[in-house]
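Residue numbers for the sequence shown follow this note's numbering, beginning at 104 and rising by one.
The beta-carbon is built from N, C-alpha and C at its ideal position, and this holds for glycine as well.
Owing to the predicted nature of the structure, the values given are computational and were not obtained by experimental measurement.
Below is one structure, written out as structure tokens, with a few remarks after it.
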Amino acid sequence: MVPRIEEGTREDGDLTDMLGELRVVLPTAQLLTAFLITVPFMPGFSDLAVIERHVFLATFMLSVTGLVLLSAPAVQHRLVRPLLDRVKFKHRASKQILLGCGAISLALVLAAQFVLTRAMDSILIGTVAAAGVAALLTLFWWLLPGTWSDRPGHSGD
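Here it is in structure tokens:
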């Protein structure tokens with residue numbers, strides 16, 4: 104769900120709100136990706152079962168994808184300066200950020216499954232933990248915001 108930006112509204116201004124949001128989400132993607140880069144070089148990685156390697160691969164690729172999508176608006180903003188159509192840029196950047204957050208959401212779920220399965224030596228615990236992380240992300244990142252609104256006459260709080 105990409106928020107609609109009306110022509111002539113203040114929201115199409117200086118992109119400060121988007122920058123603030125990225126300052127929160129981007130470090131998550133960077134930290135997760137940095138951690139995952141080190142995993143194959145740790146002792147015992149070669150002992151992972153084939154399925155664990157596939158989970159790791161999916162986690163790593165989702166994390167990198169999220170990092171690329173979350174950082175893309177900053178690079179694009181620098182390359183297309185001066186911005187001639189801020190509304191269109193912000194709309195496209197919002198889509199990329201949401202796709203990046205989706206990729207990071209999935210990477211966090213798989214990371215929880217991967218880490219806790221190994222740490223607790225239990226697929227069941229890893230899977231339950233991953234389901235818990237998925238539930239938290241789904242609720243707080245994806246469902247609750249859809250119930251809130253800043254529109255006049257709407258009391259979403």
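Subject >> V236, enclosing alpha helix (DSSP H) - first and last residue >> reply: Taking the sequence shown and counting its residues from 1, the one referred to as residue 236 is at position 133. Segment I226 to L240, the alpha helix (DSSP H) holding V236.
Original post:
Do you know offhand how far E109's Cα is from T241's?
Top reply: Within the sequence shown, numbered from 1, the residue matching residue 109 stands at position 6. Within the sequence shown, numbered from 1, the residue matching residue 241 stands at position 138. Because E109 carries a pLDDT of 49, less than 50, the predicted location of this residue cannot be relied on, and no value is offered for it.
Original post:
For F159, does the count of other Cβ atoms within 10 angstroms reach 16, so buried, or fall short, so exposed?
Top reply: For the purposes of this step, residue 159 is taken as the residue at position 56 of the sequence shown. F159 is buried by the Cβ-count criterion.
**OP:** For the alpha helix (DSSP H) containing M145, list its first residue and its last residue.
**Re:** Translated into the one-based positions of the sequence shown, residue 145 becomes position 42. Per DSSP, M145 belongs to no alpha helix (DSSP H) and is neither H nor E.
Original post:
alpha helix (DSSP H) containing P176: first to last residue?
Top reply: Residue 176 sits at position 73 when you count from the first residue of the sequence shown. Residues V153 to L182.
Subject >> Same chain, Cβ closer than 7 Å to A161, five either side skipped, listed in chain order >> reply: Counting from one through the sequence shown, the residue named residue 161 turns up at place 58. Exclusion of the five residues before and after A161 leaves L213 as the residues of its chain whose Cβ lies within less than 7 Å of its Cβ.
Original post:
Which same chain residues, not among the five before or five after G203, have their C-beta less than 6 Å away from its C-beta?
Top reply: Indexing the sequence shown from 1 puts residue 203 at position 100. So the list reads G169, L172 and L173, once near-sequence residues are dropped.
Subject >> Cβ separation of L246 and A232, assumed to be a contact under 8 Å, to the nearest whole Å >> reply: As a working note, residue 246 is residue 143 in the sequence shown. As a working note, residue 232 is residue 129 in the sequence shown. Not confirmed; about 20 Å, so no contact.
Original post:
Tell me which same chain residues have a C-beta within less than 6 Å of the C-beta of G229, skipping the five on either side of it?
Top reply: Taking the sequence shown and counting its residues from 1, one reaches residue 229 at position 126. Around G229: Q216, L219 and T220.
Original post:
With 16 as the cutoff for other CB atoms within 10 Å, does S252 come out buried or exposed?
Top reply: Reading the sequence shown from its first residue, position 149 is the one you call residue 252. Under a 10 Å Cβ-count criterion, S252 is classified as exposed, with fewer than 16 other Cβ atoms of the shown protein chains found around its own Cβ.
**OP:** With distances taken Cα to Cα, identify the nearest neighbour of D123 among A137, I200, G147 and D188.
**Re:** If you number the sequence shown from 1, residue 123 lands on position 20. Position check: residue 123 holds Gly in this sequence, whereas Asp was assumed. Nearest of A137, I200, G147 and D188 to G123, Cα basis: I200.
Subject >> For D188, three-class secondary structure by DSSP >> reply: Within the sequence shown, the letter at position 85 stands for residue 188. D188: coil per DSSP, three-state reduction.
**OP:** Go ahead and pull the three-state DSSP assignment for L118.
**Re:** The residue labelled residue 118 in the question sits at position 15 within the sequence shown. It is coil, neither helix nor strand.
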